[in-house]
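Heads up: the sequence shown begins at 98 in our numbering, then just goes up one per residue. Glycine included, C-beta positions come from ideal geometry on N, C-alpha and C.
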Amino acid sequence: MMNRHLLLVLFMICSYQYSFAIDDKTYISSQASKAHFPLSQNGSPTSIFVNPQDYPGVLLAAKNLQSDLKLVTGNTPYFYNVMPKKGMLVIIGTLGKSPEIDLLVKQHKLEISAIKGKWETFVIQTVKKPFPGIDEALVITGSDKRGTIYGIYDLSSKIGVSPWYWWADVPVKQQKNLFVAPGLHSQGTPAVKYRGIFLNDEAPALSGWSKEKFGGFNHKFYTHVFELILRLKGNYLWPAMWGNAFYDDDPLNPKLADEYGIVIGTSHHEPLTRAHDEWRRYGKGPWNYATNEQALKEFWTKGIQRMGNNESIVTVGMRGDGDEPMSEGSNIALLERIVKDQRQIIAEQTKKEASKTPQLWALYKEVQDYYDKGMRVPDDITLLLCDDNWGNIRKLPKLSDRPRSGGYGVYYHFDYVGGPRNYKWLNTNPLPRIWEQMNLAYEYGANQIWIVNVGDLKPMEFPIEFFLDYAWSPKRWPVDHLEAYTALWVEKQFGKNNATAIASVLSRYGKYSSRRKPELLDANTYSLTNYREFERVVEEYQVLLADAEELNKKIPADAKDAYDQLILFPVRALANLNEMYYAAAKNNLYAIQGRAATNAIAITVKERFDQDAALTKHYNTEINHGKWNHMMDQTHIGYTGWQQPEVNAVPATQTIPLPEKADMGVAIEGSANWWPHTQSEAILPGIYKQGNSSAYIEIFNRGKIPFHYKIMPEKPWIKLSQTEGEVNDQVRISLTADFSKIPDGSFKVPILIQSDQGNSVTVYAEVHQINTPKQANTFQEQNGYISIEAANYTRNIETNALSWKVLPDHGRTSSAVAPFPVTAKTEKLAPQSPRLEYAIELQQAGEVKINAYLSPTLDFSHDMALSYAISMDDETPQTIDIIKADQRNWDTNVAENIKILSSKHEVKKPGVHTLKVWALSPGVVLQKLVLETKAIPASYLGPPESPR
């Protein structure tokens, strides 16, 4: 009988193991049934019982559940610490700490086989008549302290309390009736053992806010952080450390962290729990172990003494003072001795073997070089592998490496201070990129610690929750479920109404913002003249902003503040910033051309700059009556190097004197020149039938008095948006062709533009009436190039060992592709190798240059070439090593969030061809392909996708 019951329990545990902080399953209903447990009926919530012998963190979380039930039902449930004589109860307890839970287990009333001995695991179940007089109880049982806490907060999230109810003012929807479905409800055991955040680079925003609201980074501040981490199913924190010291600033900080259940660590350059600023306060002599060993030992010893029994992960090793590399003279032998001496301190002060205290060694920046050159630490120390500070993991364990008892972890960044530029202001971390890199980490066995630098915490709410959710269960969120994750996250904050539309805004914002960090944007980022690139980027933001503003009208009043913080403000801020730089770019060009619009555009730049300040003021002082004052104090305009400016600075603009007399100038799409000033012909980009292409002409005034113009194309099938009119400052004329009236062939058509002042300019339109494609779904060459989004392949030839897979919405412009599984061995190129095929049609024979746009992945394996192969038709494929073939420097790749690799191919005849991209090794993320049959104009994102 017991075996059958156990099988049923295990089945039900598996059925509910994916009930996550963000998920589409819930065990809470507003409808009663005989089998459901009444958590609240008609606004009367069921009482809560917790034995006071349980962990303090459990009692704190249970009290928060009591508050959460009041928020939801409008009434406060009674809280017992002595078992009542009758009624129904929510019973909360930890195995081995709660006598009542242990008694239920002993009496076989509670099934705990699925959680016993597990790490941070809970089960929620109903029990009939658990104790005399208690008719039924909802029992939340944890395998350990945090297991119970997570069970409590899981119930809170299911009744509608967002983890962001305080940190982002997400409202709680009132519900009078709450019923818990029968069965066993669990999240299973987390895949990553320690999951946390690093509050870093916290000045001026978080530091200014915390000082105003709490008096600094004290326990009043940190209790909000602790609760948030636990509600998000995290357990680990690196505290703020810019001029701050967690232990030294407030003795209640570590005490309450331990009570809450938060594991405290220190950053990669703060050994033995001592904050960097503590050396400034108390250190004696230089931060140099070779010359000041005794002082450093004493300093570190006090750190371990102070740590006591607080749950901690101790950072070992040593970097230079102030997060800098150690001196040139530092050697591996010295560093290994430092770690040995530090472990001796740990052992002496804790009175137990050093291996019994969790430790990490962060292979950050130059420290990884020491490891690569042979430095080693004891097996029980977690090797914390790191990204390059820009979201690209530098190193992962080899699949063939023997297991280490301390395992491996990852230190990742959503925020950074350093080259090529700080990025601290807004969230610029799209989920698909986070997923792609952290999936590598998980699959390669780096699952002991995941910690992410979140800067000021706000406004990183969305990626923080995803990072911690994904750390709990990577398999719950495969790449093709990220869209669903986003929609579910939005639903948890704002309800089902409009969730899909808001999620679309959030996803598009993530893509657009990550193209280039806002701190790196300027008037030269996007091309003003080629492919209408800057214009298209700004138009995308305008559409995004319009969507966000329209949705804002539908948001209930009590959710406005949350919507503003999580959705509307970042969209407004980046839309405005891009418009400002777009105006600055136009101002610079217009000044050169002497346009009458130059001075007005300079005013627009200043207006956008002032709007940025107004948006900052709105966030700081108006959202929730100024609750978040200073949180948007971070400067972000006016960088001249990697370090932030002291204050925002308006972009440089020009004003020009204008003559009274009218003077016509003409500019065309695809050129920064203007006519009649330029002697060469004014030739527009080609106009083709496929893709409904068009081009534009701008007629502008170089004086104050308006003039009249006429446009006279030589051919009647040239169609113009206007053929005559008056120009005050400038007008844009759109040009297309009526292909139903054009014979086959290519034509260069003169278009005469005349002003009433007697000036004239001839512009040439190149119109191509080319037969329809010889093959369906074939990308067409136009203007000397074919541009292809990598996910839009014609065929995908797969193998069992390796195949290309689409990464939806990954990359700067569309979706990407990458070889899977990511742990596959390098494929030896063969005719049957996995590949993507793209049908293309070229207009001429000759050399073709193919530019592959790839995510800036690093060689995380260090012994497996990250490569792909590329070929045209049946030619021998060219193998491209994405590390060795990269001719650009790292700064450029991460600043542009792309690497571009080129190959050259000979095409013997025009017509339909097959471009093949062969999968050879995992880690290659292909976003876009651009084929050039001639040199094409430069741009940041590359040409838009060609028609097919």
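Option nearest residue 523 by Cα separation, candidates 494, 534, 560 and 166: 560
DSSP three-state assignment for residue 311, whether helix, strand or coil: Note: residue 311 maps to helix in three-state DSSP.
Other residues of its chain near residue 514: CB distance less than 6 Å, five sequence neighbours each side excluded: 298
Same chain, Cβ closer than 8 Å to residue 108, neighbours up to 5 away in sequence not counted: Residue confidence is low: residue 108 scores 36 on pLDDT, short of 50, so the model does not pin down where it sits. Its coordinate-derived value is still stated next. Same-chain partners within the cutoff: there are none.
Residue 1063 versus residue 203 - alpha carbon distance: The question about residue 1063 has no answer here: the residues shown for the chain are numbered 98 through 1045.
The stretch 846 to 860 / the stretch 797 to 810 touching (three or more Cβ pairs under 8 Å): Under the three-pair Cβ rule at 8 Å, the stretch 846 to 860 counts as touching the stretch 797 to 810.
Residue 717 versus residue 711: straight-line alpha-carbon distance, rounded: 10 Å
Contact check, residue 738 vs residue 745, beta carbons under 8 Å: no
Classification of residue 835 by the beta-carbon crowding that lies within 10 angstroms, buried from 16 upward: exposed
Pairwise C-alpha distance: residue 953 and residue 933: Inter-residue distance for residue 933 and residue 953 is about 21 Å (C-alpha atoms, whole angstroms).
Cβ-Cβ separation, residue 539 to residue 571 (assumed contact under 8 Å), whole Å: Right, their Cβ atoms sit about 5 Å apart.
Which residues DSSP lists as bridging residue 762, in chain order: As computed with DSSP, residue 762 is found in a beta bridge with 797.
Burial state of residue 270, where buried means 16 or more other Cβ atoms lie within 10 Å: If you draw a 10 Å sphere on the C-beta of residue 270, you find fewer than 16 other C-beta atoms in it, and that means exposed.
Continuous alpha helix (DSSP H) stretch holding residue 533: start and end: 528 to 540
Residues that residue 281 bridges to, as DSSP identifies them: Paired residue(s): none; residue 281 is not in a bridge.
Distance CB(residue 915)-CB(residue 904) smaller than 8 Å: Against a cut-off of 8 Å, the Cβ pair of residue 904 and residue 915 comes out as a contact.
Residues near residue 833 in its chain [Cβ-Cβ closer than 6 Å; skip 5 each side]: 791 and 816
Three or more C-beta pairs below 8 Å linking the stretch 198 to 218 and the stretch 162 to 171: no
Proximal residues to residue 110 (C-beta, below 8 Å), its chain only, five neighbours per side dropped: Its pLDDT being 35, under 50, residue 110 is placed unreliably by the model, and nothing is read from it.
Residue of 362, 151, 596 and 741 minimising C-alpha distance to residue 336: 362
For residue 782, three-class secondary structure by DSSP: coil
Closest Cα partner of residue 178 within the set 172, 193, 171 and 155: 155
Neighbourhood of residue 799 by C-beta, 7 Å cutoff - its chain only, sequence neighbours within 5 removed: 691, 692, 693, 760 and 762
Alpha-carbon spacing of residue 663 relative to residue 741, whole angstroms: Answer to the nearest angstrom: the Cα atoms are 24 Å apart.
Distance CB(residue 614)-CB(residue 525) smaller than 8 Å: Residue 525 is positioned such that its CB atom lies closer than 8 Å to that of residue 614.
contact_flag[the stretch 924 to 941, the stretch 882 to 898] where n(CB pairs < 8 Å) is 3 or more: yes
Those residues which DSSP pairs with residue 384 across a bridge: Note: residue 384 sits in no beta bridge, so no partner.
DSSP three-state assignment for residue 1040, whether helix, strand or coil: coil
8 Å CB neighbourhood of residue 259 in its chain, flanking five on each side removed: 265, 267, 269, 589 and 590
8 Å contact criterion, which residue 159 and residue 145 should meet: CB distance rounded: 6 Å
Segments of 3+ residues assigned as beta strand (DSSP E) that fall wholly inside the stretch 184 to 215: 184 to 191
Collapsed DSSP secondary structure at residue 828 in the structure displayed: strand
Residue nearest to residue 555 in terms of C-alpha spacing, selected from 911, 435 and 295: Out of 911, 435 and 295, 295 has the C-alpha closest to the C-alpha of residue 555.
Identity of the residues DSSP links to residue 333 by a beta bridge: Listed as beta-bridge partners of residue 333 by DSSP are 293 and 360.
Whole-angstrom distance between residue 772 and residue 789, CA atom to CA atom: Taking the straight line from one Cα to the other gives about 27 Å.
Any 3 or more C-beta pairs closer than 8 Å across the stretch 673 to 688 and the stretch 746 to 758: yes
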